[in-house]
Structures are given as structure tokens and as C-alpha cells.
Amino acid sequence: DVLCWLGRYVNENGEPIERFLQFLPNPGHKSENLAEAVLKVLSTNSIDITDCRGQSYDNASNMSGAYTGLQARIKERNPKAHYVPCAAHSLNLVGTSAASCCQEACSFFNLVQNVYNFFSGSTQRWEQLLSFMESGSKTVKSLSKTRWSSREESCVSLSENWEGVIKTLTHISNNTCEKPLARNEASGLLNQLNRLETVFMMTVWKDILQRFNSV
2 DVLCWLGRYV NENGEPIERF LQFLPNPGHK SENLAEAVLK VLSTNSIDIT DCRGQSYDNA
62 SNMSGAYTGL QARIKERNPK AHYVPCAAHS LNLVGTSAAS CCQEACSFFN LVQNVYNFFS
122 GSTQRWEQLL SFMESGSKTV KSLSKTRWSS REESCVSLSE NWEGVIKTLT HISNNTCEKP
182 LARNEASGLL NQLNRLETVF MMTVWKDILQ RFNSV
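Residue numbers for the sequence shown follow this note's numbering, beginning at 2 and rising by one.
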């Protein structure tokens, strides 16, 4: 992991300018370590922290904590450095909470993950999937536990490889040389993927997640 350091300032014409400063080796996830890293960058680049008027991070507790979070530690040095939560991360949290209230959405994403787990759990099954896929197409992806918007990759890859996934599962479920457990699992996944509800959910979530990812 690395930290990306961006600075935002106002030029002589009153225009806001955003600049990338540097990548930092991750000092750890504790707020005191992160605060030390931020202050070190400011000092190294001769930036006076008392001139800062804002700070923005994601909504993780080590960043946003009101008492011991990174933003709180920076505000101890400069009370005028007001904290603004990252809008993109906030949107991710909204998506997570909204989808968790929908049983159909939870079932759909569990299915997407189960498809990935089935193929990635065996080198042989993965090779069979690749043989049925079109050359150059994306392989099926695992869901991200930390970035809701990145689930777009999982939906898009499954959508683009739909025919290949169906053919592979059909081949495995009908292959008497496969272990009974693998055949039963392939058959179960095949039945779930062939449901109208699954196709509908994939189409809807693909569109929603593309909008999330554009933020």
C-alpha cells in the first residue's frame, strides 16, 4: 500500500489548483503514524501547516475519527484545517448500505463471488474457462471488500464472458470425469445464472456501478 499526497491551493487569480505531490510508503493504518507522515511531507516541502484551511480523506475511522483520527490530529496543530469527507468514498458507503437492504442484490453479488470462487479454486477449472472465453476478454473478477464501485469490474467481466461461463459450467456439469461435488456445484451455479432475475440484476447493477465508478 502507498499513500497518495495531493495539495489544493488558490493561485493569484483566485482559481483553485490541485497538484499531485508524491507517493508515500504506507507507514501503517494507525492515525498517529499517518499524521506523522503527513506532517513530515509538509515539513519537507516547506509548507506551513498554519496556512492550511482544509483536509480531505475517506470515512474510515482512523481518518475521520473525531478524537483520535488523522483529521483530529491535524486539527490539533491547526484548528482552521477543516475536515471534508471524500465524496467518492461517501458514495461508496451509500451504495453499500442501500444494496445491503435489498435481498435480491445481496443474492446476486453472492452469486457473482461464487462464480469466481468456483473457477479460481481449481487450476483445471480456470483453464477450462479460459478455453471457452474469447481471446483477449477479461477473466471473471472477485468482488472488492473495500471499494464498492470496483464491483463494476466483476459485473462487466461476467457480462462480457457470459457465454463462456455458461458453456464452461455446462461442460463441467455434464463431464462424468469430474468429481461429483464439482459437477453439482457447476450445475447449481448454472441454474442460478440462467434465471431471468439474475440477468435483470446484472444489467441493472452494471449500469448503476458504471455511474458510481465515474465519480
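Where is the CB? At the ideal position from N, CA and C, for every residue including glycine.
These numbers come from a predicted model, not from an experiment.
Give me the Cα-Cα distance between residue i and residue j, rounded to the nearest whole angstrom.
i       : j       : result
Asn-111 : Gln-193 : 11 Å
Ala-67  : Ala-106 : 33 Å
Leu-131 : Gln-125 : 10 Å
Lys-180 : Ala-187 : 11 Å
Arg-152 : Met-134 : 21 Å
Leu-170 : Leu-191 : 6 Å
Lys-207 : Asn-195 : 17 Å
Arg-9   : Arg-20  : 6 Å
Phe-119 : Ser-32  : 38 Å
Ile-50  : Leu-43  : 7 Å
Pro-80  : Gly-165 : 57 Å
Cys-178 : Gly-96  : 43 Å
Val-205 : Asn-14  : 45 Å
His-83  : Gly-189 : 52 Å
Asn-176 : Asn-115 : 20 Å
Ser-47  : Asn-63  : 26 Å
His-172 : Trp-127 : 13 Å
Ser-101 : Arg-184 : 31 Å
Ser-65  : Glu-16  : 27 Å
Leu-25  : Leu-4   : 5 Å
Asn-214 : Ser-174 : 35 Å
Select from the options the residue whose C-alpha is nearest the C-alpha of residue i.
i       : options                              : result
Val-200 : Trp-163, Ala-187 and Gln-211         : Trp-163
Thr-45  : Leu-71, Trp-6, Tyr-10 and Pro-80     : Trp-6
Gly-70  : His-30, Val-95, Gln-129 and Leu-144  : His-30
Tyr-117 : Ile-167, Gly-15 and Pro-26           : Ile-167
Met-202 : Ser-108, Asn-176 and Ala-82          : Ser-108
Gln-104 : Gln-129, Ile-50 and Glu-198          : Glu-198
Gly-122 : Asp-52, Thr-204, Leu-182 and Asp-49  : Leu-182
Ser-11  : Ile-209, Leu-25 and Gly-55           : According to the sequence shown, residue 11 is Val rather than Ser. Comparing Cα positions, the closest option is Gly-55.
Arg-212 : Ile-173, Glu-154, His-172 and Asn-63 : Glu-154
Ile-209 : Ile-173, Asn-185 and Ala-99          : Ala-99
Nearer than 7 Å: is that true of the beta carbon of residue i relative to any heavy atom of the ligand SAM?
i       : result
Val-113 : Looking at this structure, you won't find the ligand SAM or any other ligand, since it has none at all.
With a cut-off of 8 Å on the beta carbons, I'd call residue i and residue j a contact; round off their distance for me.
i       : j      : result
Asn-27  : Asp-2  : 4 Å
Val-113 : Leu-94 : Going by Cβ atoms, the distance from Val-113 to Leu-94 rounds to 20 Å, so no, they are not a contact pair.
Please classify residue i as buried or exposed, where buried requires at least 16 other C-beta atoms within 10 Å of its C-beta.
i       : result
Gln-23  : exposed
Val-85  : exposed
Ile-18  : exposed
Gln-129 : buried
Cys-53  : buried
Three CB pairs or more closer than 8 Å across the segment 69-80 and the segment 32-41: yes
Is the segment 156-164 touching the segment 122-141, taking contact as three or more C-beta pairs under 8 Å? yes
On the three-pair Cβ rule with 8 Å, is the segment 82-93 touching the segment 52-62? At 8 Å Cβ cutoff, the stretches touch.
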